[in-house]
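Here is the structure we will look at.
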Amino acid sequence: INININKTANKTHALTLSPLCPSTMKTFIPLLLSLAPLVSGFAPSTRHAAITRAPLSTSTVVTRATASTHEEDIELTRKVIIDYMAATDVGSDSVVDDDDDDDTTEAPIAPPQAAEKPKKKKKKSPPPVVEAGPVDISKLNIIVGVITKAWEHETADKLFCEEIDVGEAEPRQIATGVRAHYNAEDMVGRKVCILANLKSRKLMGFPSHGMVLCASTEDGSTVKFVEAPEDAVVGERIMVEGFEGEPATENQVVKKKMLDAIFPDLRTDENGVASYKGVALTAGTGKCVAEGGLADASVS
């Protein structure tokens, strides 16, 4: 610790304390306090102390302009030292080690955080796989439906547009080329057979999702709806005995050209009953029959 006492002609002096590191001040301040009486003995008597403290980057200066007693000099010296201690924060908890001149403290290290695991994307369940086997009528999903609305297509002369209840949340929209054989008002309320596992496609701009099965003569002069039994339930699957199995998907029906393989064996018998390879299509407690008993006609 450097202590400079400067005498002047008009009996004023300055006591200069050079800033030191906190660990050094912590060691020598008690010694300096014990030497305060000796330090004040070298100074001329002054009175009315005025204390001016400069920033800690510079030294602390004490100036006395008037005479004072010996006891006041001692007390003033002590005050300067104590004020200096407070200004430089000597002995505070910020001192890490007496042997280390660096009074900075290290910031606590945060514990490493576990990396977030990427969320796994849910895989969409694939459509049911149809076992390989012969292509027969069991691959077609033929269900019972009721025509609830029918109107003429705006631009196609042969097409009716229909809304058909098949037991789904929304009615199916299907276009049927029977405009030359039926009136729109005659179609509403009919319980018909719907081929449901066909992909939706636009017929002259109208989105048609499915097919209404009809029986027709070879020359196409007569076309009749194949009607489901009265007690058949809307949405019920129409079955053929001996040809049970899960239906194919819409894509499989198209990709494997199943209609080309099945329709040639789908006809009406001599009583107008729709049959596949001579076995009747059934629903409820009855058989599916072409309107009017149209016999020996192709069904599609």
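Residue numbers 649 to 948, in our numbering, belong to the letters of the sequence shown in order.
Note that beta-carbon positions come from the ideal geometry of N, C-alpha and C, so glycine has one too.
Note that the structure is predicted; figures quoted are calculated from it, not measured.
Under the DSSP assignment, Lys-903 falls outside any beta strand (DSSP E), being part of the alpha helix (DSSP H) whose first and last residues are 898-903.
Looking only at Ile-910, Ala-943 and Val-902, the smallest Cα-Cα distance to Gly-920 is reached by Ala-943. A Cβ-Cβ distance of about 13 Å is found for the pair Ala-922 and Val-792, leaving them out of contact under the 8 Å criterion.
Arg-726 sits in a helix when the DSSP states are folded into three classes. Ala-798 sits in a strand when the DSSP states are folded into three classes.
In the DSSP assignment, Tyr-924 forms a beta bridge with Leu-914 and Val-927. Using a 10 angstroms sphere on the CB of Gly-940, the tally of other CB atoms stays under 16, which defines it as exposed.
With a threshold of 16 other beta carbon atoms within 10 Å, Arg-838 meets it and is buried.
In this structure Val-814 does not touch Met-906 by the C-beta definition: roughly 20 Å separates them, more than the 8 Å allowed. Contact annotation: Ala-798 and Ser-864 have beta-carbon atoms that are not nearer than 8 Å. Glu-875: member of the beta strand (DSSP E) spanning 871-875, first to last residue. For Asn-899, the closest alpha carbon among the candidates Ile-730, Lys-787, Gly-781 and Arg-726 is that of Lys-787. In the displayed model, Ala-832 falls within a helix according to three-state DSSP. By the beta-carbon neighbour count (other beta carbons within 10 angstroms, threshold 16), Lys-872 is buried. With the rule of 3 Cβ pairs closer than 8 Å, the segment 800-815 counts as touching the segment 843-861.
The beta carbons of Val-836 and Ile-785 sit no closer together than 8 Å.
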